[in-house]
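Those sequence lines, one after another, are chains P, H, W, D, Z, V and A. The numbering of the first sequence is our numbering, which starts it at 139 and goes up by one. The numbering of the second sequence is our numbering, which starts it at 139 and goes up by one. The numbering of the third sequence is our numbering, which starts it at 139 and goes up by one. The numbering of the fourth sequence is our numbering, which starts it at 139 and goes up by one. The numbering of the fifth sequence is our numbering, which starts it at 139 and goes up by one. The numbering of the sixth sequence is our numbering, which starts it at 139 and goes up by one. The numbering of the seventh sequence is our numbering, which starts it at 139 and goes up by one.
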Amino acid sequence: MTEQRNQRPQRPLDTLGQANNSPVLIKLKDEKEISGILQSFDMHINLVLNDAEELENGEVLRRLGTILIRGDNIVYISPSP
Amino acid sequence: MTEQRNQRPQRPLDTLGQANNSPVLIKLKDEKEISGILQSFDMHINLVLNDAEELENGEVLRRLGTILIRGDNIVYISPSP
Amino acid sequence: MTEQRNQRPQRPLDTLGQANNSPVLIKLKDEKEISGILQSFDMHINLVLNDAEELENGEVLRRLGTILIRGDNIVYISPSP
Amino acid sequence: MTEQRNQRPQRPLDTLGQANNSPVLIKLKDEKEISGILQSFDMHINLVLNDAEELENGEVLRRLGTILIRGDNIVYISPSP
Amino acid sequence: MTEQRNQRPQRPLDTLGQANNSPVLIKLKDEKEISGILQSFDMHINLVLNDAEELENGEVLRRLGTILIRGDNIVYISPSP
Amino acid sequence: MTEQRNQRPQRPLDTLGQANNSPVLIKLKDEKEISGILQSFDMHINLVLNDAEELENGEVLRRLGTILIRGDNIVYISPSP
Amino acid sequence: MTEQRNQRPQRPLDTLGQANNSPVLIKLKDEKEISGILQSFDMHINLVLNDAEELENGEVLRRLGTILIRGDNIVYISPSP
Numbered sequence: 139m140t141e142q143r144n145q146r147p148q149r150p151l152d153t154l155g156q157a158n159n160s161p162v163l164i165k166l167k168d169e170k171e172i173s174g175i176l177q178s179f180d181m182h183i184n185l186v187l188n189d190a191e192e193l194e195n196g197e198v199l200r201r202l203g204t205i206l207i208r209g210d211n212i213v214y215i216s217p218s219p
Numbered sequence: 139m140t141e142q143r144n145q146r147p148q149r150p151l152d153t154l155g156q157a158n159n160s161p162v163l164i165k166l167k168d169e170k171e172i173s174g175i176l177q178s179f180d181m182h183i184n185l186v187l188n189d190a191e192e193l194e195n196g197e198v199l200r201r202l203g204t205i206l207i208r209g210d211n212i213v214y215i216s217p218s219p
Numbered sequence: 139m140t141e142q143r144n145q146r147p148q149r150p151l152d153t154l155g156q157a158n159n160s161p162v163l164i165k166l167k168d169e170k171e172i173s174g175i176l177q178s179f180d181m182h183i184n185l186v187l188n189d190a191e192e193l194e195n196g197e198v199l200r201r202l203g204t205i206l207i208r209g210d211n212i213v214y215i216s217p218s219p
Numbered sequence: 139m140t141e142q143r144n145q146r147p148q149r150p151l152d153t154l155g156q157a158n159n160s161p162v163l164i165k166l167k168d169e170k171e172i173s174g175i176l177q178s179f180d181m182h183i184n185l186v187l188n189d190a191e192e193l194e195n196g197e198v199l200r201r202l203g204t205i206l207i208r209g210d211n212i213v214y215i216s217p218s219p
Numbered sequence: 139m140t141e142q143r144n145q146r147p148q149r150p151l152d153t154l155g156q157a158n159n160s161p162v163l164i165k166l167k168d169e170k171e172i173s174g175i176l177q178s179f180d181m182h183i184n185l186v187l188n189d190a191e192e193l194e195n196g197e198v199l200r201r202l203g204t205i206l207i208r209g210d211n212i213v214y215i216s217p218s219p
Numbered sequence: 139m140t141e142q143r144n145q146r147p148q149r150p151l152d153t154l155g156q157a158n159n160s161p162v163l164i165k166l167k168d169e170k171e172i173s174g175i176l177q178s179f180d181m182h183i184n185l186v187l188n189d190a191e192e193l194e195n196g197e198v199l200r201r202l203g204t205i206l207i208r209g210d211n212i213v214y215i216s217p218s219p
Numbered sequence: 139m140t141e142q143r144n145q146r147p148q149r150p151l152d153t154l155g156q157a158n159n160s161p162v163l164i165k166l167k168d169e170k171e172i173s174g175i176l177q178s179f180d181m182h183i184n185l186v187l188n189d190a191e192e193l194e195n196g197e198v199l200r201r202l203g204t205i206l207i208r209g210d211n212i213v214y215i216s217p218s219p
């Protein structure tokens, strides 16, 4: 079974799938950051986070609850902040 | 029936569908925010809101009534503001 | 007949269709606004307005007559200004 | 024949087709404006103008003769300047 | 034969085709301009110019020889500078 | 076998494939840089890096662990930093 | 054979193909320039260069070795710098 998985090379969205239900840190193009629990994503890297917080320079700017982030705003996603 | 729903992983637009007829807060790329009642959306995340208000730093700039927001302006959507 | 309409959920462009021949207010990405009578639109949200006026801070900058606005400039459209 | 035409709702590019061989005013995203005689267009709203002139604040900056404008630079087109 | 050609309306890229092997002036989004002899183009309006020169305010900044310009940088192309 | 490989010209993503599991340096559009071990990529040049570090002017700004970079932020990728 | 080649008009990417294994100069949207030996390209004008150097105002900022440049950053490519 390990060998079978090796036959299809892993792709970036597979890494995102492994982060489901786990905390992630999102860096946005406007320099702000958002942390939260990854609930779902699609191929445009649109994301839904639970317990989301908007951060600037590591400080919580505000609590956002559940949010849908449009993928084109994202610079990177770190599954283990 | 619950099990059937679990077989297709939830996607971000499903979360938007659950927010229909409910209040949402929209963060735009120009830093402004818009609140309103979500009436409809499509796959580009174009949205129609009723009772929309334009906000800046939490203050109401003006009342807009019903508006259609073009999806490419949106940073995030918070279904529970 | 009401039930039939309920079977297809309404989409944002349906709202635009209901605004045909009615006054709309357009907010552009460059902060300017344009008011006019909606004459037609397409799926890119390209719009044709009659009796269009360019506004800044609520003041008429100039009268434009009939114009075609390229959809990618639009932030939002308010069908009831 | 009038009734037949009414069966297909008019679209924005139809308005552009009616402006062929007529003067138009183009507002560009960089705030400049270009006037000229519309010679042709395509679905990306790429345009060819004859007798084109580049304008800023209503003054002619320079005469350009025939030009092809790439559609993604355009804010709006006014067929009756 | 003239009548046959009239049956298909001319499109912007036809104008570009007629400018092949002729001098053109290109206005770029960064305000710079490039002159040269149009050698080829494609549907994205990617262009190859021979004897290209980069201009700013009408002065030659430098000679570039043959260049391929990526179409998305272009504001307009003037076939008769 | 060498001849067979020569029959299909190499493409940019082939170079990325050869860099898998190796250190790469990423230049982003916001001038920041990110170094890490390339774990996977896709045709949009979305990338997953392990042991990623954010750099500015060659100094480590912070350690990021595993990250997914959205491809549209990337200027260039250097497989041998 | 010459006549056969004339039957398909040359396209911009053909010019890039002729520059393979030759020195090229790349102008980027952020005003920087990169020189190197063109190793491969694709239809998005993603490029791989060997012996790449980042230049500003004609001075070498740093040596980059092999790099993959994402095509959407490119203003123009000069095959004979």
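The beta-carbon is built from N, C-alpha and C at its ideal position, and this holds for glycine as well.
Start and end residues, alpha helix (DSSP H) containing residue i
i	result
residue 150 of chain D	150-156
Beta carbon of residue i nearer than 8 Å to that of residue j
i	j	result
residue 195 of chain P	residue 166 of chain P	no
residue 208 of chain V	residue 184 of chain V	yes
residue 216 of chain H	residue 215 of chain P	no
residue 180 of chain W	residue 149 of chain D	yes
residue 202 of chain P	residue 193 of chain P	no
Span of the beta strand (DSSP E), counted from its first residue to its last, around residue i
i	result
residue 161 of chain Z	161-166
Short CB-CB distance (under 8 Å) between residue i and chain D
i	result
residue 153 of chain W	no
residue 186 of chain Z	no
Cβ of residue i within 8 Å of any chain P Cβ
i	result
residue 180 of chain V	yes
residue 213 of chain H	yes
DSSP state of residue i mapped onto helix, strand, coil
i	result
residue 211 of chain A	helix
residue 189 of chain P	strand
residue 196 of chain H	coil
residue 146 of chain H	coil
residue 175 of chain H	strand
residue 205 of chain V	strand
residue 217 of chain A	coil
Neighbour flag for residue i against chain H, beta carbons, 8 Å
i	result
residue 149 of chain W	yes
residue 203 of chain P	yes
residue 193 of chain P	no
residue 206 of chain P	yes
residue 139 of chain W	Because the pLDDT at residue 139 of chain W is just 38, under 50, the model does not fix this residue reliably, and the point stays unresolved.
is_contact[residue i, chain A] using C-beta, thresh 8 Å
i	result
residue 159 of chain Z	no
Closer than 8 Å to chain Z by CB, residue i
i	result
residue 209 of chain A	yes
residue 164 of chain A	no
CB contact check: residue i to chain W, cutoff 8 Å
i	result
residue 173 of chain D	no
Residue i beta carbon near the ligand FMN (any heavy atom closer than 7 Å)
i	result
residue 172 of chain P	Absence of the ligand FMN from the depicted structure is noted, as is the absence of any ligand whatsoever, leaving it without description.
Residue-chain proximity (residue i, chain B), Cβ-Cβ < 8 Å
i	result
residue 166 of chain P	Of the chains in the structure shown, none is chain B; the protein chains are P, H, W, D, Z, V and A.
Quick one: any contact between the region 172-180 of chain D and the region 153-163 of chain D, if contact means 3 or more CB pairs under 8 Å?
Taking 8 Å as the limit for Cβ pairs, the verdict is that the region 153-163 of chain D does touch the region 172-180 of chain D.
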